[in-house]
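Worksheet: one structure, shown below.
Numbering (my numbering), first residue to last: 115 to 259.
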């Protein structure tokens, strides 16, 4: 069971990254960028391969300390570091997008935000449809509903 769940998570992560980069490419082109999707992939994967393992390890440590300390205020130290590192990675990602399309980090940030907004809307629509279908399925099974 867990192997199937892990496989689905890996597949959805790869699809999400591909969708993000395709959206980034089109938005960056609309903003006047002069880069290629292949170059964007090369730059972003190199950057993500460096920083995401650090970010996920810090997240793992934060979750472990949360369970061990039973929500003690010491968690705020870990959360502040996690938030700071997340912001740093986001700002550097915008800079890398700007680097890939030969415009500044400002347009890279705009392209990144627009792409994340579109992905958020797509995910929201998917979650809404799945939630409605779950409610419908449960109401059909529940007697008296």
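We put the CB at the ideal spot given by N, CA and C, even for glycine.
- Here residue 193 has 176 as same chain residues with Cβ atoms under 8 angstroms from its own Cβ, once five neighbours each way along the sequence are excluded.
- Per DSSP, the continuous alpha helix (DSSP H) segment holding residue 225 begins and ends at 219-255.
- When the alpha-carbon of residue 223 is set against those of 147, 115, 125 and 153, the nearest one is in 147.
- Taking the Cα of residue 195 as reference, the smallest distance to any Cα among 214, 207, 172 and 208 is reached at 172.
- When the beta-carbon positions are compared, residue 131 and residue 225 stay at least 7 angstroms from each other.
- Per DSSP, residue 150 is not a residue of any alpha helix (DSSP H), being assigned neither H nor E.
- In the DSSP assignment, residue 129 falls within the alpha helix (DSSP H) that extends over 116-144.
- Between the beta-carbon of residue 135 and that of residue 158 there is about 7 angstroms, and that keeps the pair under the 8 angstroms contact cut.
- Residue 247 has its alpha-carbon roughly 11 angstroms from the corresponding atom of residue 254.
- Inclusion of residue 214 and residue 160 in the CB contact set at 7 angstroms is not warranted, their separation being larger than that value.
- Of the residues 155, 168 and 241, the one whose Cα lies closest to the Cα of residue 200 is 168.
- Shortest Cα-Cα distance from residue 236 to any of 181, 133 and 122 involves 133.
- A check of alpha carbon separations from residue 217 across 118, 128 and 143 identifies 143 as the nearest.
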